[in-house]
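Participant: If you scroll down you'll find the structure; I have some questions about it.
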Amino acid sequence: MDIVILWTLGMWAVQLLMEWLVYRIQGRRMTWVQSILPCVTLLGGAIVIMISIEIGEWNGIGYALLGAALGTSGLLTLITVAITALVLQRRGRK
Numbered sequence: 001m002d003i004v005i006l007w008t009l010g011m012w013a014v015q016l017l018m019e020w021l022v023y024r025i026q027g028r029r030m031t032w033v034q035s036i037l038p039c040v041t042l043l044g045g046a047i048v049i050m051i052s053i054e055i056g057e058w059n060g061i062g063y064a065l066l067g068a069a070l071g072t073s074g075l076l077t078l079i080t081v082a083i084t085a086l087v088l089q090r091r092g093r094k
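Note that full-length UniProt numbering gives residue 7 to position 7 of the sequence shown, counting from 1, and the numbers run on in steps of one.
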């Protein structure tokens, strides 16, 4: 179970790095583009979970854990991006 937690945190770190790169490329502005990656990750996690239901048995459980980790990292990234957008908006930057 520890590997699932580490996998989730690793995917979250990679997504935050990608979000930071997009933020820098766009000239230090938050735009709607930063919301796309976490939403796609959430959708990907849901799709992997649905596929794991079709697989069933023990292999399906492994894929379900992978899908849950993927969805959780997407949700954490989406929350982080939303908080960052609110903080930057309060500071007067967009």
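All residues carry an ideal CB built from backbone N, CA and C; glycine is no exception.
Measure the alpha-carbon distance for Ser52 versus Val22 and round it to whole angstroms.
Facilitator: Locating residue 52 in the sequence shown gives position 52, where the first residue counts as 1. Locating residue 22 in the sequence shown gives position 22, where the first residue counts as 1. About 32 Å.
Participant: Rounded to a whole number of angstroms, what is the C-alpha to C-alpha distance between Gln34 and Val81?
Facilitator: As a first step, residue 34 must be located in the sequence shown, where it is residue number 34. As a first step, residue 81 must be located in the sequence shown, where it is residue number 81. Distance between the alpha carbons of Gln34 and Val81 is about 7 Å.
Participant: What's the gap between the Cα of Thr72 and the Cα of Leu6?
Facilitator: Position 72 of the sequence shown, counted from the start, is the residue given in the question as residue 72. Position 6 of the sequence shown, counted from the start, is the residue given in the question as residue 6. Approximately 12 Å between the Cα atoms of the pair.
Participant: To which residues of the same chain is Met30 closer than 6 Å at the C-beta, ignoring the five residues directly before and after it?
Facilitator: Along the sequence shown, one-based indexing puts residue 30 at 30. Only Ala85, Leu88 meet the Cβ criterion.
Participant: Just to confirm the assignment, what range does the alpha helix (DSSP H) spanning Thr31 have?
Facilitator: Position 31 of the sequence shown, counted from the start, is the residue given in the question as residue 31. For Thr31, no alpha helix (DSSP H) run applies, since DSSP gives it neither H nor E.
Participant: Would you kindly report the start and end of the unbroken alpha helix (DSSP H) that includes Gly60?
Facilitator: In the sequence shown, the residue the question calls residue 60 occupies position 60. Element bounds for Gly60: 57 to 91.
Participant: Any heavy atom of the ligand GDP within a distance shorter than 8 Å of the CB on Ile3?
Facilitator: Summarising the ligand content, the structure contains no ligands, and the ligand GDP is consequently not present.
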